[in-house]
Amino acid sequence: DCGLGTAPNSSLSRVVAYPNPYSQTFKLDIQTNNTADVVIKVYDMIGRLIENQTVGYNDLSQVEIGYGYPSGIYNVSVTQEGKAKTLRVIKK
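Under the numbering used here, the first residue of the sequence shown carries the number 1, and numbering increases by one thereafter.
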């Protein structure tokens, strides 16, 4: 390995939404040892895609999600280079 590309053991080690439940917007605390872009998709409870965005690794801490969503429960899918985590977020 000449140091280029992605480490084979790269992983999304932790994805946490906060605050949860939320009232206006929520953020994601994403811990990963990979600097690739992250794809964030939000689905409502009947599986409709509500939001889909690709975020650069350096911008992850700035991303606010969920503005204007109706109250309810949402599934948030976070994917980075084929590794995915899904979490449930509640809008008050």
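The C-beta atom is built at its ideal place from N, Cα and C for all residues, glycine as well.
Residue range of the unbroken beta strand (DSSP E) whose run includes residue i
| i | result |
| --- | --- |
| L87 | 83-91 |
| Q53 | 49-55 |
| Q80 | 72-80 |
Between the CA atoms of residue j and residue i - distance to the nearest angstrom
| i | j | result |
| --- | --- | --- |
| Y22 | T35 | 28 Å |
| I30 | P70 | 24 Å |
| I50 | K41 | 7 Å |
Residue i - partner residues in DSSP beta bridges
| i | result |
| --- | --- |
| L28 | A17 |
| Y69 | None; Y69 has no bridge partner. |
| V39 | T54, T79 |
Below-8 Å beta-carbon distance, residue i vs any chain B residue
| i | result |
| --- | --- |
| D29 | Looking for chain B here will not work: only one protein chain is present. |
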